[in-house]
Each structure stands twice: as C-alpha cells, then as structure tokens.
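What follows is one structure encoded as structure tokens, with my remarks underneath.
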Amino acid sequence: MSENQTVLITGASGGIGLEFAKIFFSKGYNLILISRDRQKLQEVKESLTNGSSQSIAIIPCDLSQDKSAQNLYNQCKADELAPDILVNNAGFGMHGEHVDLSVSEVENMINLNILSLTSLCGLFGRDMKKRKSGFILNVASTGAYQPTPYHGAYAATKSYVLNFSEALAKELEDYGVTVTCLSPGATDTDFFIRSGIGDVMTGFFAKKRRMDAKKVAELGVSALFSKKLSTIAGLTNKILAWSNRFAPRAMVAGLSKILMKNP
Ligand SMILES: NC(=O)c1ccc[n+]([C@@H]2O[C@H](COP(=O)([O-])OP(=O)(O)OC[C@H]3O[C@@H](n4cnc5c(N)ncnc54)[C@H](OP(=O)(O)O)[C@@H]3O)[C@@H](O)[C@H]2O)c1
0 MSENQTVLIT GASGGIGLEF AKIFFSKGYN LILISRDRQK LQEVKESLTN GSSQSIAIIP
60 CDLSQDKSAQ NLYNQCKADE LAPDILVNNA GFGMHGEHVD LSVSEVENMI NLNILSLTSL
120 CGLFGRDMKK RKSGFILNVA STGAYQPTPY HGAYAATKSY VLNFSEALAK ELEDYGVTVT
180 CLSPGATDTD FFIRSGIGDV MTGFFAKKRR MDAKKVAELG VSALFSKKLS TIAGLTNKIL
240 AWSNRFAPRA MVAGLSKILM KNP
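When we follow numbering that gives the first Met the number 0, the leftmost residue of the sequence shown carries the number 0, and every step to the right adds one.
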C-alpha cells in the first residue's frame with residue numbers, strides 16, 4: 000500500500016510530528032517534512048534515512064505567516080511532490096489569562112492552528128478529490144471538547160479543528176478521501192515549554208501523567224487507516240471528554256478553570 004506513496008507532515012521536527020515521521024517511514028512511505036527549522040529537519044532526515052531508498056524532502060516553512068500554506072503547496076507542485084497523506088500536526092498553545100497574552104503571538108497561533116490547517120486541507124484535499132483517494136489526519140486536542148480557561152484561545156482553535164475536520168470528512172467521503180481528527184491529551188513533548196507551562200511535576204499536566212508521544216502518534220495512524228472520523232488518545236482522556244457532554248456547560252467551564260489556573 001505504501002509503495003511510492005508520500006506523506007506530508009507539518010511540525011515534523013519534534014514531538015508527536017517526529018513520531019508520525021518515524022511511523023510512516025517504517026511503513027515504507029516517502030516523506031515531506033515541514034517545520035520552521037531547516038537544521039532540525041535535516042537532522043531528522045539524516046536520522047531516518049539510513050541507506051533506505053525512500054525519499055525524504057524537507058521544506059522549512061513558518062506556517063503562521065500569511066500565505067504560507069499556499070507557498071508550501073506551490074513548492075510541492077514545483078518539486079512534483081504530491082502527498083497521498085496529509086498530516087496537519089504543527090500547532091502550539093499559550094497558557095495564561097487571555098488579556099495578558101501577546102496579541103500578535105495569539106494571532107500567530109490562530110494562523111498556524113486554524114488558517115494554515117484549513118488552507119492545506121483545501122489545497123491538497125482538492126487534489127485528493129480529483130484523484131479519488133487520499134487521507135488527511137488533523138491534530139486537535141482534548142481542549143477541543145470544552146471551554147478551557149487560561150488556555151482559552153488555544154483550546155478554541157482546537158474546537159475549530161475538530162468541528163472542521165469532522166465536517167470535511169463527511170464532504171470528502173463521497174470521493175474516497177478519508178479525514179480523521181486526533182485529539183491528544185497531555186503528551187510529553189516540548190509543547191509545555193512553548194505554551195509557558197513548563198515541566199511541572201505536580202497537577203493536571205504533571206510530567207508523569209503525560210502520554211508518550213510515540214503512543215499518541217501510533218493511535219493517530221491507526222485511527223486514520225481505520226477511517227475513523229475522530230479519536231481521543233487514551234482512556235482517561237476519552238472519559239474526561241465524554242463526561243463533558245452530560246454536565247451543564249457552566250459546571251464544565253468552572254471545573255476546567257480550577258484545573259487550568261495553576262496546572
Ligand atoms: N503535547 C501535548 O500535550 C498536546 C496536547 C494536545 C494537542 N497537542 C497538539 O499536538 C500537535 C503537536 O504538538 P507537540 O506536542 O508535538 O508539540 P511540539 O513538540 O512543540 O512540536 C510542535 C511542532 O510544530 C512545529 N511548529 C511550531 N510552530 C510552527 C510554525 N509556525 N510553522 C511550522 N511548524 C511549526 C515545531 O517545529 P519548529 O519549532 O521546528 O518550527 C514542531 O515540529 C500540536 O498541534 C499540538 O497543539 C499537543
């Protein structure tokens with residue numbers, strides 16, 4: 000199935016995205032790896048290649064910048080790279096009171112988590128529709144499932160990703176294209192450094208409670224090939240997300256505030 004097939008992964012220089020790269024490479028896929036950092040991508044490429052005949056293209060690209068998704072798509076076209084699988088994994092969060100956060104950095108986060116993901120789905124999804132085959136895996140978060148004080152804008156971007164992905168999945172299923180949304184809970188990556196939470200040892204996001212990035216990526220790939228609409232990584236995360244459905248919204252927002260204020 001993977002012979003001469005190509006997967007494009009955003010945010011492939013570390014964390015869950017790097018684990019996606021390892022998994023797809025081990026299954027025989029050619030890779031197109033995206034992040035802002037050429038050096039890190041080069042290191043990933045060298046660590047994976049190991050004499051294999053599969054190709055790995057690296058394209059440094061800041062997907063929080065205006066028109067970056069279109070530029071990335073144009074670059075792939077120019078290089079004759081046509082992904083059979085698109086993994087929209089790149090994203091970051093910002094922790095704190097919304098009014099205290101940098102407005103421009105929140106805008107960058109929305110550009111990356113929402114705008115670029117949406118445009119990449121449109122651009123590459125259109126080609127998949129024409130070919131009548133393809134897979135898209137979008138990475139949301141358990142934050143998608145409830146209002147999340149102190150992670151308010153970030154979690155809302157992931158609610159968008161979840162709802163958009165599920166809607167797109169229903170549109171594209173008529174053309175043989177599968178869209179799956181993966182929602183990780185706390186996972187042991189650099190996410191917590193960039194979001195400002197850091198390597199906390201106690202509380203909701205304590206390092207010991209976080210899932211392994213490899214396990215999360217494996218669950219995502221498995222859900223994709225099982226053609227699931229969406230999946231939440233891990234039983235505890237599933238129970239937490241599902242229990243929200245039956246509780247009053249005010250109660251959920253209040254509990255979420257308690258958990259998130261001093262994570
Ligand atoms: N870790 C968690 O607890 C957790 C929980 C729920 C959801 N998620 C989601 O999982 C996804 C992966 O996150 P992670 O945990 O693996 O975090 P991570 O270790 O910080 O990795 C993020 C990846 O995205 C890339 N990236 C960041 N900004 C970018 C930009 N502007 N343009 C292009 N690439 C960019 C980073 O590469 P460069 O820095 O080299 O650009 C890196 O490869 C994200 O969408 C995140 O929201 C994570």
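Where a beta carbon is used, it is the ideal one built from N, C-alpha and C, also for glycine.
For residue i, three-class secondary structure by DSSP
i                 : result
phenylalanine 134 : strand
valine 6          : strand
valine 199        : coil
asparagine 261    : coil
leucine 100       : coil
phenylalanine 19  : helix
phenylalanine 221 : The residue asked about is misnamed: residue 221 is serine in this sequence, not phenylalanine. It is helical.
phenylalanine 204 : coil
alanine 216       : helix
serine 115        : helix
methionine 93     : coil
glycine 14        : helix
Beta bridge counterpart(s) of residue i as assigned by DSSP
i             : result
asparagine 87 : Asn137
leucine 181   : Val138 and Thr230
threonine 263 : Here the chain has residues from 0 to 262 only, and residue 263 is not among them.
valine 176    : Gly133
- Query: Which ranges does the beta strand (DSSP E) cover as unbroken runs of at least 3 residues, wholly within the segment 54–79, from first to last along the chain?
  - Reply: Counting only runs of 3 or more, we get 55–59.
- Message: Could you tell me which whole alpha helix (DSSP H) segments of length 4 or greater appear in the segment 117–171?
- Response: 151–171, all fully within the segment 117–171.
- Taking the runs of the alpha helix (DSSP H) that are 4 residues or longer, which of them lie wholly in the segment 21–50? Complete alpha helix (DSSP H) runs here, min 4: 37–48.
- Query: Which ranges would you report for the alpha helix (DSSP H) in the segment 228–255 if only whole runs of at least 4 residues count?
  - Reply: Those alpha helix (DSSP H) runs which fall completely within the segment 228–255 and span 4+ residues are 234–242.
- Message: For the structure I just gave you, are there three or more beta carbon pairs, one from the segment 28–48 and one from the segment 95–111, closer than 8 Å?
- Response: Contact fails: fewer than three Cβ-Cβ distances are below 8 Å.
- Query: With contact counted as at least three CB pairs below 8 Å, one residue from each stretch, are the segment 182–197 and the segment 230–245 in contact?
  - Reply: With the rule of 3 Cβ pairs closer than 8 Å, the segment 182–197 counts as touching the segment 230–245.
- Message: Across the segment 166–174 and the segment 208–224, are there enough close Cβ pairs to call them in contact, namely three or more that are closer than 8 Å?
- Response: Proximity of the segment 166–174 to the segment 208–224 falls short of the contact definition, fewer than three beta-carbon pairs being nearer than 8 Å.
- On the three-pair Cβ rule with 8 Å, is the segment 140–157 touching the segment 85–105? Cβ pair count under 8 Å is three or more, so yes.
- Could you tell me whether the segment 185–201 touches the segment 241–260, using the rule of 3 or more Cβ pairs below 8 Å? No: the two stretches stay apart, fewer than three of their Cβ pairs being nearer than 8 Å.
- Query: Should the segment 110–119 be called in touch with the segment 201–220, which here means at least 3 C-beta pairs below 8 Å?
  - Reply: They do not touch, by the three-pair rule.
- Message: Measuring CB atoms only, is the segment 44–55 touching the segment 67–76, in the sense that at least three cross pairs come out at less than 8 Å?
- Response: Because the criterion of three Cβ pairs below 8 Å is not met, the segment 44–55 and the segment 67–76 do not touch.
- Task: Would you check if the segment 129–146 and the segment 77–94 touch, i.e. whether three or more CB-CB distances between them fall below 8 Å?
- Result: Output reads yes: the segment 129–146 touches the segment 77–94.
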